[in-house]
Amino acid sequence: MGAFTTEAIVLRRADWRDHDRILTLLTPRGRLEVLSRGCRRPKSPLLGCSEVFTMGNFELFSSREHCMLQNCQVTDGFYPLRQDFDRLSCAAYLVNVCEAAVQEGENAATPFLLLARALGYLSYHTEYTPRAVLTAFLLHFNIAQGYRPRLNHCVNCGKELTQPQRVFFDIEQGGVTCLECREEPCRGGIL
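In the working numbering, the protein residues as written are 218 to 408.
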């Protein structure tokens with residue numbers, strides 16, 4: 218309890234009462250629900266840091282009932298996301314994945330870093346397609362969460378899979394299978 222500072226990314230915002238918002242933050246220490254009082258007033262210094270995708274150093278005050286936002290030094294707002302619908306929709310998917318998977322009080326240093334980098338690539342590196350960034354994020358996020366799919370060998374027979382070969386993802390086995398080992402058509406999806 219008391220005041221503390223943490224680096225965070227805003228995952229969600231919900232308007233509350235007349236001028237307040239409840240923010241869901243992703244921090245290296247896990248997910249936090251924070252009350253941002255008066256941030257919807259036109260001249261509020263908390264207005265800019267109470268938007269989704271904002272990353273910065275948040276000064277918070279924790280009491281028994283809730284955590285309140287006192288101040289914020291914005292590091293990046295990832296504004297270019299708002300100029301391209303495909304990039305914005307991928308970024309929204311990324312923050313929803315983080316909100317659903319990361320719990321309060323768990324060590325989330327790796328998911329925080331992955332999300333910050335993915336938002337940076339979506340915003341400032343237009344040579345990468347949004348789908349490529351999304352796919353890379355999901356693969357690394359799954360590995361960080363403890364799931365590591367096997368993608369270059371068949372999980373059933375161990376045969377090395379070549380690039381043009383048709384493969385299938387087996388959800389139960391946690392990897393891809395070759396055409397010969399595929400048992401049932403409805404078991405996995407085509408990659």
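Using N, Cα and C, we set each Cβ at its ideal position, and we do this for glycine too. In this text the structure is predicted, and so the values were computed from the model without any measurement.
Checklist entry - DSSP on Gly265, reduced to helix/strand/coil? => result Numbered from its first residue, the sequence shown carries residue 265 at position 48. Of the three classes helix, strand and coil, the one that applies to Gly265 here is helix, per DSSP.
Next on the checklist: I need the boundaries of the alpha helix (DSSP H) containing Gly392, first residue and last residue.
Outcome noted: As a working note, residue 392 is residue 175 in the sequence shown. Per DSSP, Gly392 belongs to no alpha helix (DSSP H); it is in the beta strand (DSSP E), Gly392 to Thr394.
Next on the checklist: Between Tyr364, Leu330, Gln362 and Gln380, which has its C-alpha nearest His370's C-alpha?
Outcome noted: The count along the sequence shown starts at 1 and reaches residue 370 at position 153. Measuring from the Cα of His370, the nearest candidate turns out to be Gln380.
Item to check | Those residues which DSSP pairs with Asn373 across a bridge | outcome: Residue mapping note: residue 373 aligns to position 156 of the sequence shown, counting from 1. Residue pairing of Asn373 in beta bridges, as defined by DSSP: absent, with no partner found.
Item to check | Option nearest Val350 by Cα separation, candidates Leu332, Ser267 and Ile360 | outcome: The residue labelled residue 350 in the question sits at position 133 within the sequence shown. The closest CA to that of Val350, considering only Leu332, Ser267 and Ile360, is found on Leu332.
Item to check | Separation of Cys374 from Thr244, as counted between CA atoms | outcome: Residue mapping note: residue 244 aligns to position 27 of the sequence shown, counting from 1. Residue mapping note: residue 374 aligns to position 157 of the sequence shown, counting from 1. So the two alpha carbons sit approximately 42 Å from each other.
Next on the checklist: Going by DSSP, what residue range makes up the alpha helix (DSSP H) through Gly363?
Outcome noted: Start at 1 with the first residue of the sequence shown, and residue 363 comes out as number 146. Where Gly363 is concerned, there is no enclosing alpha helix (DSSP H), given that its DSSP letter is neither H nor E.
Checklist entry - So what's Ser306 in DSSP terms, helix, strand or just coil? => result Residue mapping note: residue 306 aligns to position 89 of the sequence shown, counting from 1. In the displayed model, Ser306 falls within a helix according to three-state DSSP.
Checklist entry - Taking the C-alpha atoms as reference points, what is the distance between Tyr296 and Lys376? => result For the purposes of this step, residue 296 is taken as the residue at position 79 of the sequence shown. For the purposes of this step, residue 376 is taken as the residue at position 159 of the sequence shown. Distance between the alpha carbons of Tyr296 and Lys376: 46 Å.
Checklist entry - For Leu286, does the count of other Cβ atoms within 10 angstroms reach 16, so buried, or fall short, so exposed? => result Start at 1 with the first residue of the sequence shown, and residue 286 comes out as number 69. Per the 10 Å Cβ criterion, buried.
Checklist entry - Taking the Cβ atom as the reference point for each residue, do Leu311 and Ala335 lie within a distance shorter than 7 Å? => result Mapped onto the sequence shown, residue 311 falls at position 94. Mapped onto the sequence shown, residue 335 falls at position 118. Annotated as proximal: Leu311 and Ala335, with beta-carbon spacing under 7 Å.
Next on the checklist: Give me the DSSP bridge partner(s) of Asn274.
Outcome noted: For the purposes of this step, residue 274 is identified with residue 57 of the sequence shown, where counting begins at 1. The secondary-structure analysis by DSSP pairs Asn274 across a beta bridge with Glu224 and Gln290.
Next on the checklist: Only counting the same chain, and skipping five residues up and downstream in sequence, which positions put a Cβ closer than 6 Å to that of Gly322?
Outcome noted: Locating residue 322 in the sequence shown gives position 105, counting from the first residue. Listed in chain order, the non-local C-beta contacts of Gly322 below 6 Å within the same chain comprise Gly247, local neighbours out to five positions each way being set aside.
Next on the checklist: For Gly219, list the residues DSSP reports as bridge partners.
Outcome noted: Within the sequence shown, the letter at position 2 stands for residue 219. DSSP output for Gly219 lists Ser279 as bridge partner(s).
Item to check | Boundaries (first-last residue) of the alpha helix (DSSP H) holding Gly247 | outcome: Position 30 of the sequence shown, counted from the first residue, corresponds to residue 247. No alpha helix (DSSP H) holds Gly247; the beta strand (DSSP E) holding it covers Gly247 to Ser253.
Checklist entry - In terms of residues, what are the limits of the beta strand (DSSP E) holding Thr379? => result What you label residue 379 is simply residue 162 of the sequence shown in a count that begins at 1. Bounds of any beta strand (DSSP E) do not take in Thr379, whose DSSP letter is neither H nor E.
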